[in-house]
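**Student:** Numbering (the numbering used here), first residue to last: 142 to 250. Please see the structure below; I have some questions.
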């Protein structure tokens, strides 16, 4: 809300560190599975595997896991801002985030 005040769509962001997926990252618009990863310097840091476009309700489905799409904790706020900005730029009238994420290119994600 602070970074993109003009954003006008409801978005769910679920963050999980539990191996049992207690936070249900698969059904969030943006699902983040906590894990250790290597940063650009080869150092082990906290990070997330990203799932995009999950949903519950009439159009229920698991989010898209983009192969290799991981982000460090330090990069996470910028990543979320970037992907939501691309959604705003590329979405069609009335399109939900989950629908856009299913059709978006890997570069947009």
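Just so you know, even glycine gets a beta-carbon here, dropped at the ideal spot from N, CA and C.
Per the DSSP calculation, residue 176 is bridged to which residue(s)?
**Tutor:** Answer is 188.
**Student:** Are the region 146-155 and the region 217-231 touching by the rule of at least three beta carbon pairs closer than 8 Å?
**Tutor:** Judged by Cβ distances under 8 Å, the region 146-155 makes contact with the region 217-231, as three or more pairs qualify.
**Student:** Find the nearest neighbour of residue 237 within the set 219, 216, 193, judged by alpha-carbon distance.
**Tutor:** Here the closest residue by C-alpha is 193.
**Student:** Using only the alpha-carbon positions, how far apart do residue 212 and residue 200 sit?
**Tutor:** Rounded to whole angstroms, residue 212 to residue 200 spans 27 Å at the Cα level.
**Student:** Could you give the DSSP three-state label for residue 240: helix, strand or coil?
**Tutor:** Here residue 240 sits in helix by DSSP.
**Student:** Answer with buried or exposed for residue 173, where buried requires no fewer than 16 other C-beta atoms within 10 angstroms of its C-beta.
**Tutor:** By the 10 Å Cβ count, residue 173 comes out buried.
**Student:** From residue 195 to residue 170, what does the alpha carbon distance come to, in whole angstroms?
**Tutor:** Approximately 5 Å between the Cα atoms of the pair.
**Student:** For the alpha helix (DSSP H) containing residue 229, name the first residue and the last one.
**Tutor:** First-last of the alpha helix (DSSP H) with residue 229: 217-231.
**Student:** Report the residue from 233, 235, 249, 239 whose alpha carbon sits nearest the alpha carbon of residue 222.
**Tutor:** Of 233, 235, 249, 239, the residue nearest in Cα terms is 249.
**Student:** How would you call residue 225, buried or exposed, if buried means at least 16 neighbouring beta carbons within 10 angstroms?
**Tutor:** Burial call: buried.
**Student:** Would you give the residue range spanned by the beta strand (DSSP E) that residue 154 belongs to?
**Tutor:** Start and end: 154-157.
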